[in-house]
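The numbering used here applies: residue -16 is where the sequence shown begins, and numbers increase by one.
For reference, the structure discussed in these notes is given below.
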Amino acid sequence: MNDLLKAMSARRSVRTYADRDVSDADLDAILKAGRLGPSGKGIKPYDFIVIRDPQTIQKLVGCRKGGAKMLTTAKAAIAVLGDEDRSDTWIEDDAVAMTQMHLMASYLGLGSCWLQIRLRPSDTEGKSAEDFARDVLGFPKNNRLEAILALGPIDEAPEPHDPDALDDGVIHQEKW
-16 MNDLLKAMSA RRSVRTYADR DVSDADLDAI LKAGRLGPSG KGIKPYDFIV
34 IRDPQTIQKL VGCRKGGAKM LTTAKAAIAV LGDEDRSDTW IEDDAVAMTQ
84 MHLMASYLGL GSCWLQIRLR PSDTEGKSAE DFARDVLGFP KNNRLEAILA
134 LGPIDEAPEP HDPDALDDGV IHQEKW
């Protein structure tokens, strides 16, 4: 198996993190990986908010109804936003950036977890996860929050995926 497939197999969602910081160098590499991915027409309509302040991270735990607990032990987080005025493919472009960053975190030996925000409710009745996060992070209305990547040193590593166990039944040749 080649190195890239090994890295992809090892990448798992990690929801609890050890009590050590994420280095500046690792954060820089993760952010570079996010910006190196392809985007529709090469527009790259995204922005990233790097969150390291523990109080801000704790406030964001309430941004997703029952789904943001991994932030309680995260040492950093990256909010990935897309400018809907610049591109109609901001959702796809943000997803590519998130995936690239997820893989880079794993490659660096860090744990990460994708926290979906778009179209999700918050813990606050009647408020979307995106509006909750906007109140905490202060991003403008035309910037839409796709997701937050929780980051930290791995506390307990899940088993890698087994590439030989992949379902080949989802692959169709030429037509369905």
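The beta-carbon is built from N, C-alpha and C at its ideal position, and this holds for glycine as well.
- As for any beta strand (DSSP E) of minimum length 3 sitting wholly inside the region 12 to 97, the runs are 29 to 34 and 59 to 66, ordered along the chain.
- In this structure, DSSP gives L(-13) a helical state, which the three-state scheme calls helix.
- Counting of Cβ neighbours within 10 angstroms places I154 among the exposed residues, the total staying below 16.
- In the DSSP annotation of this structure, the continuous segment of the alpha helix (DSSP H) that includes L120 starts and ends at A112 to L120.
- Three or more Cβ pairs closer than 8 Å define a contact, and the region 117 to 124 meets that threshold against the region 32 to 44.
- When secondary structure is reduced to three states using DSSP, A133 falls in the strand class.
- As DSSP reads the structure, L128 sits in a beta bridge with L64.
- By the beta-carbon neighbour count (other beta carbons within 10 angstroms, threshold 16), D76 is buried.
- Excluding the 5 residues flanking it on each side, P104 has same chain C-beta neighbours closer than 7 Å at K48, S111 and A112, in chain order.
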